[in-house]
Amino acid sequence: MSRAVHDRRQAPSSPATFVINLDRSTDRWQRIERNLAEFGLDYQRVSAVEGATLSPQVLHQHYCPQLNQEQLHRTLTPGEIACYLSHRKVWQRILDEDLPCALVLEDDVQLVPGGAEVVARLAQTAPHWDLVKVFVGPTAKRVVARHPITPGFELTLTDKIPTSTAAQLVSNAGARKLLAMSERFGRPIDWDIRRWWVHDLRILGVTPSLATPCDPSSVIDALAGGQKRKSRRAWLKRKGIMLKYHFDARRHGLNRAPYEAVVKQLGPIDLE
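Everything in the sequence shown is counted per our numbering, starting at 3 for the first residue and increasing by one.
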């Protein structure tokens with residue numbers, strides 16, 4: 003690495019970046035490493051948990067089949083459990099290293115030009131949020147409030163939380179909440195995060211996404227893919243779960259306080 007790139011990586015304004023990467027996915031690591039070095043981020047690799055190689059004891063250390071029966075229409079796959087456990091490893095690192103916040107990436111994305119500047123600005127507002135979704139995913143959510151962060155990027159508040167965990171900022175307080183809520187879990191990680199009201203998660207977003215997918219599908223996402231069940235009973239249970247989610251989301255409304263606090267701290271910017 004050149005001296006210039008090394009100096010950029012040590013920039014104090016940039017928060018730590020953790021990349022979740024399977025040990026066997028060396029090509030993905032090399033690709034995202036080049037990308038992050040280009041933007042001068044202080045990045046660290048976190049070895050992803052691989053569900054296929056874990057013992058039943060480890061898989062069920064945090065995954066609770068009883069909760070799963072209550073909360074979901076199907077059992078979680080080993081890959082889904084491993085995906086959740088991989089993110090738990092990163093949240094624990096944030097606490098262990100006493101970081102104000104960190105950018106958490108899965109290895110199938112690349113940061114876009116201008117993304118590092120947005121991350122640096124948002125890191126300064128970390129006391130006001132638990133999690134910032136910086137990758138929207140394929141299904142856009144309705145934006146109900148927006149405020150410029152840098153030219154071309156906006157802080158957003160959406161009617162529902164995007165599902166993907168491919169790229170997000172997690173604060174120290176957020177890591178503590180996320181670990182506590184997943185000490186025993188029965189749903190996929192994104193299903194739990196979307197229900198922000200259960201654990202009072204303060205979640206914001208960014209548009210457009212600060213990261214783009216490198217491939218149509220991720221190794222981590224593929225391993226975490228859910229089981230498809232064709233039984234009518236499972237279909238009806240899933241419909242009931244989704245109806246309850248939409249009812250609860252509407253009943254709890256939007257938590258605007260984190261958005262308003264960040265907007266106040268960001269203040270106006272020069273868009274020219």
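C-beta: ideal position from N, C-alpha, C; glycine also.
So if DSSP puts Tyr283 in a beta bridge, which residue, or which two residues, is it bridged to?
The structure shown does not extend to residue 283, since the chain is modelled only from 3 through 274, so no value can be given for it.
Need the endpoints of the beta strand (DSSP E) that Pro150 sits in, please.
DSSP places Pro150 in the uninterrupted beta strand (DSSP E) bounded by 145 to 152.
Using three-state DSSP, classify Pro215 as helix, strand or coil.
The DSSP-derived three-state label of Pro215 is strand.
I'd like the ranges of any alpha helix (DSSP H) spanning at least 4 consecutive residues and lying wholly in the region 170 to 212.
Unbroken alpha helix (DSSP H) runs of no fewer than 4 residues, entirely contained in the region 170 to 212, are found at 174 to 183, 191 to 196, following chain order.
Look up Gln112 in the DSSP assignment and say whether it is helix, strand or coil.
In the structure shown, the three-state DSSP call for Gln112 is strand.
Taking Cβ positions, are Gly188 and Leu61 nearer each other than 8 Å?
No, they are not a contact pair.
Taking the alpha helix (DSSP H) that Leu69 belongs to, which residues open and close that run?
That run of the alpha helix (DSSP H) goes 67 to 73.
Which one of Gly116, Val146, Arg252 has the shortest CA to CA distance from Glu262?
Considering only alpha carbons, the answer is Val146.
C-alpha distance - Lys266 paired with Gly242, whole-angstrom precision:
Near 40 Å, if we compare the C-alpha coordinates of Gly242 and Lys266.
Should Val138 and Pro164 be called a contact, given that it needs their Cβ atoms to be closer than 8 Å?
The criterion of a C-beta distance shorter than 8 Å is satisfied by Val138 and Pro164.
DSSP state of Thr19 mapped onto helix, strand, coil:
Here Thr19 sits in strand by DSSP.
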